[in-house]
Amino acid sequence: MTAAPSIHQRLLPVLESALGNTWWLELPARPTWPAAVFSVETAPEPGWCAGGGYDAHDATVIVLSRSAVELDTLLPTSGGGSVRAAVEAMEHYQWEVGCEDADYEDDPQVYARALIVRLRTPRFITAKDTTP
């Protein structure tokens, strides 16, 4: 039995399905637009259910674009958008923590928006969490 995919391995292809130019932690030195970058904070949740064994992951996804219209299509603040829809379709999606405008300090002409979501995964490997 092999290990279950990490939350990063689960989240990256989901985000790439909505926006192919997606990166973990940092954009490349010369990014192209639109782009997304994400990070994850994980903490154990031993008391979430009887027997515990779950991890809570707060994933922050920042979507960047040179166009406010394009940014609103990818990730509007009020719900919807292709990035949010992709994340909400994940098996481990729990809820949206928030969505707000963000800054891209390297270029003030780039619009940015941050989406924070809670994901939950079991700490114990089950048959459906393994790869052959």
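Reminder that position 85 of the sequence shown reads as 85 in this note's numbering, one-by-one numbering, no gaps.
Glycine included, every Cβ here is placed at the ideal spot set by N, Cα and C.
| Shortest alpha-carbon distance to Ala112 belongs to which of Val87, Leu64, Thr77, Pro122? | For the residues Val87, Leu64, Thr77, Pro122, the minimum Cα distance to Ala112 belongs to Leu64.
| field | Rounded Cβ spacing between Asp58 and Ile116 (contact assumed at less than 8 Å) | value | For a cut-off of 8 Å, the C-beta gap from Asp58 to Ile116 is around 6 Å, short enough to register as a contact.
| field | Residues bridged to Glu100 (per DSSP) | value | Answer is Ala114, bridged to Glu100.
| message | Checking 9 Å against the spacing of the C-beta atoms, do Ala18 and Ser82 come in under that value? | response | Result yes, Cβ atoms of Ala18 and Ser82 sit closer than 9 Å.
| Would you call Arg30 buried or exposed, if buried means 16 or more other Cβ atoms sit within 10 Å of its Cβ? | With fewer than 16 Cβ atoms within 10 Å of its Cβ, Arg30 is classed as exposed.
| message | Please list the terminal residues of the continuous beta strand (DSSP E) segment that includes Glu45. | response | The continuous beta strand (DSSP E) containing Glu45 extends over residues 35 to 45.
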